[in-house]
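**Q** Protein chains in written order, with the numbering used here: chain A, 1 to 375; chain B, 1001 to 1375; chain C, 2001 to 2375; chain D, 3001 to 3375. Every residue gets a Cβ at the ideal spot worked out from N, C-alpha and C, and that includes glycine.
4 protein chains.
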Amino acid sequence: MARIRLGMVGGGNDAFIGGVHRIASRLDDHFELVAGALSSTPEKSRASGEALALPRIYDDFKSMAIREARLKDGIEAVAIVTPNHVHYEAARDFLKRGIHVICDKPLTSTLADAKKLVKAAERSDALFVLTHNYTGYPMVRQAREMVAAGDIGKIRVVQVEYPQDWLTVEQDIKQAEWRTDPARSGAGGSTGDIGTHAYNLACFVTGLEAEELAADLQAFVPGRQVDDNAHVMLRFAGGARGMLWSSQVAPGNENALRIRVYGETGGLEWAQEDPNYLWHTPFGEPKRLLTRGGAGTGTAAERVSRIPPGHPEGYLEGFANIYSEAAAAIRAHQAGKAIEPEVTYPSVLDGLQGVAFVDACVRSSQRNAAWVRLN
Amino acid sequence: MARIRLGMVGGGNDAFIGGVHRIASRLDDHFELVAGALSSTPEKSRASGEALALPRIYDDFKSMAIREARLKDGIEAVAIVTPNHVHYEAARDFLKRGIHVICDKPLTSTLADAKKLVKAAERSDALFVLTHNYTGYPMVRQAREMVAAGDIGKIRVVQVEYPQDWLTVEQDIKQAEWRTDPARSGAGGSTGDIGTHAYNLACFVTGLEAEELAADLQAFVPGRQVDDNAHVMLRFAGGARGMLWSSQVAPGNENALRIRVYGETGGLEWAQEDPNYLWHTPFGEPKRLLTRGGAGTGTAAERVSRIPPGHPEGYLEGFANIYSEAAAAIRAHQAGKAIEPEVTYPSVLDGLQGVAFVDACVRSSQRNAAWVRLN
Amino acid sequence: MARIRLGMVGGGNDAFIGGVHRIASRLDDHFELVAGALSSTPEKSRASGEALALPRIYDDFKSMAIREARLKDGIEAVAIVTPNHVHYEAARDFLKRGIHVICDKPLTSTLADAKKLVKAAERSDALFVLTHNYTGYPMVRQAREMVAAGDIGKIRVVQVEYPQDWLTVEQDIKQAEWRTDPARSGAGGSTGDIGTHAYNLACFVTGLEAEELAADLQAFVPGRQVDDNAHVMLRFAGGARGMLWSSQVAPGNENALRIRVYGETGGLEWAQEDPNYLWHTPFGEPKRLLTRGGAGTGTAAERVSRIPPGHPEGYLEGFANIYSEAAAAIRAHQAGKAIEPEVTYPSVLDGLQGVAFVDACVRSSQRNAAWVRLN
Amino acid sequence: MARIRLGMVGGGNDAFIGGVHRIASRLDDHFELVAGALSSTPEKSRASGEALALPRIYDDFKSMAIREARLKDGIEAVAIVTPNHVHYEAARDFLKRGIHVICDKPLTSTLADAKKLVKAAERSDALFVLTHNYTGYPMVRQAREMVAAGDIGKIRVVQVEYPQDWLTVEQDIKQAEWRTDPARSGAGGSTGDIGTHAYNLACFVTGLEAEELAADLQAFVPGRQVDDNAHVMLRFAGGARGMLWSSQVAPGNENALRIRVYGETGGLEWAQEDPNYLWHTPFGEPKRLLTRGGAGTGTAAERVSRIPPGHPEGYLEGFANIYSEAAAAIRAHQAGKAIEPEVTYPSVLDGLQGVAFVDACVRSSQRNAAWVRLN
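Next comes the structure, spelled out in structure tokens:
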């Protein structure tokens, strides 16, 4: 089967996430990167494109969208991996030309943009895939499957956290710069960059959405304009309660995303830094350590797993699973078929939820952590 | 040196914590249990006392206080290990007769009682020791010493939690019964029983007190009259922020008390179920695993440690450390000397803090988790 | 029930293990230490005895044995905690006077002494208890019970190890001095001091004995006269194979005793530094984490457990279990009753096995690690 | 830079390792798979090749070698991923035509073949890369760099193990079938399949080679013709001692390869199932947990690392590192340049060492685990 022709917006030489997307797109051999507008200036875009030996290099995403749409063998999909404030316009331009969009999170830097992007996606025949990549981990799929099957009963408590430490002090690197600039990142700092991942993971695993939240945001590093630590209480539809902690100032934490879900009859615990394992406790029985590919795991995890248990798959494999799901969806779409129901990826609506989460956190915090509704 | 003569109120045959206090009092050989009023009825008190071959058995604490105070070789100290609602009256009766009190937590079942007990303690020449036993763990002492020495800089974030699972379903056992009865336990359920431990630990390690909190309490098990899950946001004096989670309905958690403290220059992490270890990350350096008695630990931990590193000390040893501190204080008091500054135990004021914490949680929750002040 | 009157030989001021025995004897309130000959000279014995406020202090164990045997309220049992070369004579002197012996391991410093001590114990009406304390851990009992019940099928492979690091360099402390002196410790260094524990644990858990072994011993630290690292291959009766590693020169290991047992239908794994847990894998099912007192544990562990799951018990509690078993046996003996079958403690024959293990290791190593029989 | 044209021998539809090689070759975008003889019969080869949409499909490796060597754009390198007994002839055929070989381990099924292959490689101008993939893990590189830098002093003890459980019972799957057939796998079972990995890892990290070994091999499953459990004692050049355990019958172990190295001044510990971490203990200091990309790691690890610390890389990334090293070497070779000294991959001589290890294990075991020399 021919590889899907992929373009990329953003992801130039000094970006971290662009390289991740490129590896993820390649890992299962479904995509071939053939075009790009990789940076914010024509010069940088050209330099980055040449470094990657891209067949077609563009000065900016607008010209790329226009030109590629006209080419006979133009790109079929585009990965958008710019700073957040560019997501909306870039995605819109490709969507309206029928080019499928694979976009990094958070969806946009403002709630208004997010809502417009939802409409743009609805108007378009093209698909929109959001790379909440942690939903690609096999044992996260396993957890979701078990919750849906009722293995831990009705959910009562959700504890989710994503602590990091890299912004404990002021950082001069580019990664830090735009992520702490509200004009480019959005009003949320840790909430937008990693809190959205945590919130998305909680929703993905439990199948629940929060109705309201109370958030106490803080910018601990002097001069920082966005939150670098967030304490959030959640109330989910149906009565479950949750806590969410995101932090970029917690020394000793690298990317310590972790979720724990407790229901009426059992509990589940998963940690991103040790992603091939899922703890399951049926209440009143011993804890069980489920392993990716091991005994007791189901088809949802198996579908997105490549190698035997005990050989760890990691972050890139999880990310690649999102790309492979996107490929499956795109191919079904191209063939005029329905997307198979097991094909699972975060949508533009999940993205809207994430931006609504950030917006609610900021609103709540401005009102002394009062409860606010997410929608 | 002669053992200190000890009496006990509560702790009869079917109580868990009485046996713990007895072992703890014996472990370092500072106490001899010689009298008791171990249960709520004369019959049960007698049966329990005989089972322990106690020299002097009383029908109730009142007659015990009166009689022992008159004996030439009467008890010098009393351990109070009843359900919470009895703490105040029992402690008062011994304090006013100059008998030192070692009392289980929470201090009392109501804030009013707590305040009265503080006054009773202030009026008495006798000492009052509260068994917030987790402060007796050597590596908790180590953490406190490091924070005080500035090893992690000014504190920014405190994450503390105490999940259990034993009340996931309705329980008929006596332990569960009084702990879920507001008349005996107090208005807090998980907040009173284990949240107070978590809050005390946070204060003990950081040297901080919370000024205000916002608490979302829940009773998930139908018919339960007190909270079995609590989500609490904390604001400490000086600007640190915290989260506290206590739960009795989290399957897979036994006594998973854990604290993580992050400052401007480093982080510390400790877990009760693995108590001989303390993680320390100086920001920008590799994580270090400090072990009880091992390299890099200081005098505060060493004082309360008995055996070489790698041979685990546990819950009973930590509890015994509180008793040994009490013994040191009592002996200094008896000798008319000042208590050595390194002697460290929770006081009646710590107990008041704990009850104020529960009271604030309940008040906040009644006001939809609004911020309330603790004092 | 009155406490059993206990004497102690060895265990003076600067000894580590004497203090451990004293705490262990006291923890469950079955013993009262009333006499001692705590050191190798009369002066030191007196000083150490006075520091403990012992009622009766002796210059040496011989005079203590003679005198205590004649006293109406003389000691009923004696704890022998001297360097190894003293064990035989001291134990013999008490055994022949009908005083029960609780002796530290290894049984003796030579195989000849071990055999003589076995005979002395057989001739005596008194009991002999060897403190292979790791057999007192509840989850070790659990493992033994599961193996005996066939939960993992016929045993195939046993991996056991006990690495430490304290002798990585030459040490001047007394603990190191006698333990590396063949005249006092015996011909084995790490093999005698900790290898015996590992070997005993393997036998205790599996119910098997090794028929032959091949040992490659090494003294890495220049000038050391006994092994500080031992690699041993084991062949058990019935066909199981094993490896045993003991080391005192493995930096980063404190007391990292660990056993893994694999049978035809499952596996078990336990580590001393995390002793409240036992991993059980039924082949083809998820790994289960059994916890002391938690779901899935049986009566053998419960008998020797004091507090609820999640509250760790440690080294001293495991040691105390041996003392409590000794107390149960002594009281049955005093009452003229049979010892209850569940009462479990290492015997003089287990001690002989341990010394035979050391002897075989040394013999094998002298023959270039050839296979030698243990008996 | 153009992708290197790659062929593949073996790795058809029902093989595990072929898929791994394909992903590994693709991950860093250095190779393009363009030809293959993927199975042992023309029919299966064709079916497997078509499933992968290979441009050029061959009936067998001989015709592929001949034809590709003649093509203008024929393959530049070939991956050999057949059962072991085919390695020698296949590799020889490509080497003699100047096509670079990337070959799975063990090198061959017999020592005689291994020696012939060494000669074939020496005669050829083409490169030979053996996929001892565990040497591709960044933290294994880190360990090797630290040992070489003297960070733990002169090596004394090496403990290495590779337990699995998948052959605990007779298995009918193809993977099991050829791996337990001495005609195809070689005289070693677990020793050849995973023991070679463990031995190679020990040599790679320490820079040492074993001079002699004593091996006790066992086939526990009735009817099995090769070992499924191996206990091996090692004596390294320079005086270090080691133990190696490989097993396929240890329930609860998936791919639990682990190495621990202890030197005169420190220790290192690494485990394949948690590969992003390396424990380092400088003797007398706290244990440190080094993380891939984190503080305290050096250039050797950084070279082969793609993403930030806390985002786990796994087995496929480590495998891909071997392919990327091969690509660097091949490109240098093609450009007529010296291979950069930091480019690191297992060679045909490492492969010979591995087969010599298996041969020595089998010889030793046949002589009742007597010491035998490896060379």
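Where do the N-terminal and C-terminal ends of the beta strand (DSSP E) with W1279 (chain B) fall, by residue?
**A** Reading the second sequence from its first residue, position 279 is the one you call residue 1279 (chain B). Counting along the chain, the beta strand (DSSP E) containing W1279 (chain B) begins and ends at 1277-1282.
**Q** If we count the other Cβ atoms within 10 Å of its Cβ and call it buried at 16 or more, is E2043 (chain C) buried or exposed?
**A** Position 43 of the third sequence, counting from 1, holds the residue named residue 2043 (chain C). Exposed: under 16 other Cβ atoms inside 10 Å.
**Q** Less than 8 Å between the CB atoms is what I'm expecting for R2141 (chain C) and A2300 (chain C), so what's the real figure, rounded?
**A** On the third sequence, residue 2141 (chain C) is found 141 positions in, with the first residue counted as 1. On the third sequence, residue 2300 (chain C) is found 300 positions in, with the first residue counted as 1. Indeed, because the Cβ distance is near 4 Å, the residues count as touching under 8 Å.
**Q** Could you please give me the residues that DSSP links to E2212 (chain C) through a beta bridge?
**A** Position 212 of the third sequence, counting from 1, holds the residue named residue 2212 (chain C). Paired residue(s): C:R2235, C:R2373.
**Q** Using only the alpha-carbon positions, how far apart do V372 (chain A) and A1369 (chain B) sit?
**A** The residue labelled residue 372 (chain A) in the question sits at position 372 within the first sequence. The residue labelled residue 1369 (chain B) in the question sits at position 369 within the second sequence. If I take the Cα positions, the gap works out to 12 Å.
**Q** At 4 residues or longer, and completely inside the segment 2286-2334 of chain C: list those alpha helix (DSSP H) runs for me, N to C.
**A** The segment 2286-2334 of chain C contains these whole alpha helix (DSSP H) runs: 2299-2303, 2315-2334.
**Q** Please report the residue range of the beta strand (DSSP E) in which P222 (chain A) lies.
**A** Along the first sequence, read from residue 1 onward, the residue named residue 222 (chain A) stands at position 222. Here P222 (chain A) belongs to no beta strand (DSSP E), and DSSP marks it neither H nor E.
**Q** Report the CB separation of A2198 (chain C) from S2247 (chain C) in whole angstroms; it is logged as a contact under 8 Å.
**A** Locating residue 2198 (chain C) in the third sequence gives position 198, where the first residue counts as 1. Locating residue 2247 (chain C) in the third sequence gives position 247, where the first residue counts as 1. That belief does not hold up - the Cβ atoms of A2198 (chain C) and S2247 (chain C) are roughly 10 Å apart, past 8 Å.
**Q** Given that R3224 (chain D) touches chain A, what residues does it touch there, using C-beta distances under 7 Å?
**A** Position 224 of the fourth sequence, counting from 1, holds the residue named residue 3224 (chain D). The contacting residues do not exist; R3224 (chain D) stays about 20 Å from chain A at best.
**Q** Starting from A3187 (chain D), follow the beta strand (DSSP E) in both directions and report where the run begins and ends.
**A** Sequence index remark: in the fourth sequence, residue 3187 (chain D) carries index 187 (1-based). It is not in any beta strand (DSSP E) - A3187 (chain D) carries neither H nor E in the DSSP assignment.
**Q** Candidates C:L2006, C:G2266, C:E2313, C:A2360: which alpha carbon is nearest I1023 (chain B)'s?
**A** Here residue 1023 (chain B) is taken as the residue at index 23 of the second sequence, counted from 1. That would be C:E2313, whose Cα lies nearest to the Cα of I1023 (chain B).
**Q** Which first and last residues belong to the alpha helix (DSSP H) in which R2067 (chain C) is found?
**A** Residue numbering aside, residue 2067 (chain C) sits at position 67 when the third sequence is read from its first letter. Looking at the DSSP string, the run of the alpha helix (DSSP H) that includes R2067 (chain C) is 2061-2070.
**Q** Report yes or no: do three or more beta-carbon pairs, one from the segment 1329-1343 of chain B and one from the segment 332-351 of chain A, lie closer than 8 Å?
**A** Taking 8 Å as the limit for Cβ pairs, the verdict is that the segment 332-351 of chain A does not touch the segment 1329-1343 of chain B.
**Q** List the DSSP bridge partners of Y270 (chain A).
**A** Here residue 270 (chain A) refers to the residue found at position 270 when the first sequence is read from its first residue. Note that residue 270 (chain A) is Trp in the sequence shown, not Tyr. Beta-bridge pairing links W270 (chain A) to A:I259.
**Q** Among the residues of its own chain, which have a CB less than 6 Å from the CB of V2226 (chain C), if the five just before and after it don't count?
**A** Taking the first residue of the third sequence as position 1, residue 2226 (chain C) is located at position 226. Taken in chain order, the residues that qualify are T2180, P2182, G2189.
**Q** Can you have a look at R292 (chain A) and say buried or exposed, based on whether 16 or more other CB atoms are within 10 angstroms of its CB?
**A** For the purposes of this step, residue 292 (chain A) is taken as residue 292 along the first sequence, with counting starting at 1. The residue is buried, with at least 16 neighbouring Cβ atoms inside 10 Å.
**Q** I'd like the list of long-range same chain contacts for L3130 (chain D), defined as Cβ closer than 7 Å, with 5 residues on each side in sequence excluded.
**A** By 1-based counting over the fourth sequence, the position of residue 3130 (chain D) is 130. Only C3103, K3105, L3107, P3346, S3347, V3348, D3350, G3351 meet the Cβ criterion.
**Q** Taking the beta strand (DSSP E) that A2250 (chain C) falls in, what are its first and last residues?
**A** Along the third sequence, one-based indexing puts residue 2250 (chain C) at 250. A2250 (chain C) -> no beta strand (DSSP E), and no H or E assigned at all.
**Q** Residues of chain C with CB closer than 7 Å to the CB of A295 (chain A), please, in chain order.
**A** Against the first sequence, residue 295 (chain A) aligns to sequence position 295. Per Cβ cutoff of 7 Å: G2284, E2285, P2286.
**Q** Can you pull the DSSP bridge partners for C103 (chain A)?
**A** Here the question's residue 103 (chain A) lines up with position 103 in the first sequence. The partner list for C103 (chain A) (beta bridge, DSSP) reads A:I80, A:L130.
**Q** Check the Cβ of R1026 (chain B) against every Cβ in chain C and list those closer than 8 Å, keeping chain order.
**A** By one-based count along the second sequence, residue 1026 (chain B) stands at place 26. Neighbours of R1026 (chain B) on chain C, chain order: R2026, L2027, D2029.
**Q** Between A1237 (chain B) and E1211 (chain B), is the Cβ-Cβ spacing less than 8 Å?
**A** Residue numbering aside, residue 1237 (chain B) sits at position 237 when the second sequence is read from its first letter. Residue numbering aside, residue 1211 (chain B) sits at position 211 when the second sequence is read from its first letter. In this structure, E1211 (chain B) lies closer than 8 Å to A1237 (chain B) by Cβ.
**Q** If you draw a straight line from the C-alpha of N1128 (chain B) to the C-alpha of T1082 (chain B), how long is it?
**A** For the purposes of this step, residue 1128 (chain B) is taken as residue 128 along the second sequence, with counting starting at 1. For the purposes of this step, residue 1082 (chain B) is taken as residue 82 along the second sequence, with counting starting at 1. Checking the displayed sequence, the identity of residue 1128 (chain B) turns out to be Phe instead of Asn. For F1128 (chain B) and T1082 (chain B), the distance between alpha carbons rounds to 16 Å.
**Q** Would you say H2100 (chain C) and E2076 (chain C) are within 8 Å of each other, going by their C-beta atoms?
**A** On the third sequence, position 100 is the one that residue 2100 (chain C) refers to. On the third sequence, position 76 is the one that residue 2076 (chain C) refers to. In this structure, E2076 (chain C) lies closer than 8 Å to H2100 (chain C) by Cβ.
**Q** May I ask you to list, following chain order, the residues of the segment 3168-3191 of chain D that have a beta carbon less than 8 Å from some beta carbon of chain C?
**A** Those residues of the segment 3168-3191 of chain D that come within reach of chain C (Cβ to Cβ, closer than 8 Å) are T3168, V3169.
**Q** Can you tell me which of C:H2030, C:R2144, C:A2120 puts its alpha carbon nearest to the alpha carbon of R1967 (chain C)?
**A** For residue 1967 (chain C) there is no data in the structure shown, the boundaries of chain C being 2001 and 2375.
**Q** Once you ignore the five residues that flank G1336 (chain B) on each side, which residues in its own chain have a CB closer than 8 Å to its CB?
**A** As a first step, residue 1336 (chain B) must be located in the second sequence, where it is residue number 336. Same-chain partners within the cutoff: there are none.
**Q** Can you give me the Cβ contacts of Q2159 (chain C) inside the same chain, cut-off strictly under 6 Å, excluding the 5 residues immediately before and after it?
**A** Position 159 of the third sequence, counted from the first residue, corresponds to residue 2159 (chain C). So the qualifying residues of the chain are M2243, R2260.
**Q** Could you check if V1160 (chain B) belongs to the surroundings of the ligand NAD, using beta carbon to heavy atom distance under 7 Å?
**A** The ligand content of the structure shown is nil, which means the ligand NAD is not present either.
**Q** Given N1321 (chain B), which residues of its chain have a CB within under 6 Å of its CB, disregarding the five upstream and five downstream residues?
**A** In the second sequence, counting from the first residue as 1, residue 1321 (chain B) sits at position 321. Cβ neighbours of N1321 (chain B) beyond the five flanking positions: G1136, V1304.
**Q** Roughly how many whole angstroms lie between the Cα atoms of G2036 (chain C) and Y2088 (chain C)?
**A** Here residue 2036 (chain C) is taken as the residue at index 36 of the third sequence, counted from 1. Here residue 2088 (chain C) is taken as the residue at index 88 of the third sequence, counted from 1. Cα to Cα, the separation comes out at about 17 Å.
**Q** Whether or not the segment 2261-2270 of chain C and the segment 2150-2167 of chain C are in contact is what I'm after, with contact meaning three or more pairs of Cβ atoms, one per stretch, closer than 8 Å; do they touch?
**A** Touching, per the Cβ criterion.
**Q** In terms of residue numbering, what span does the beta strand (DSSP E) encompassing I2152 (chain C) cover?
**A** Here the question's residue 2152 (chain C) lines up with position 152 in the third sequence. No beta strand (DSSP E) contains I2152 (chain C), which DSSP labels as neither H nor E.
**Q** Give the residues of chain C in contact with I289 (chain A), contact being defined as C-beta atoms less than 8 Å apart.
**A** Residue mapping note: residue 289 (chain A) aligns to position 289 of the first sequence, counting from 1. Strictly speaking, residue 289 (chain A) in this sequence is Leu, with Ile absent from that position. Near L289 (chain A) (Cβ distances below 8 Å), the residues of chain C are P2286, K2287, R2288, L2289.
**Q** Do we get a CB-CB distance below 8 Å when we pair I2307 (chain C) with the residues of chain B?
**A** The residue given as residue 2307 (chain C) occupies position 307 in the third sequence. True, the Cβ-Cβ gap to chain B drops below 8 Å.
**Q** From which residue to which residue does the beta strand (DSSP E) around A2037 (chain C) run?
**A** Here the question's residue 2037 (chain C) lines up with position 37 in the third sequence. It spans 2031-2037 - the beta strand (DSSP E) in which A2037 (chain C) sits, taken as one unbroken run.
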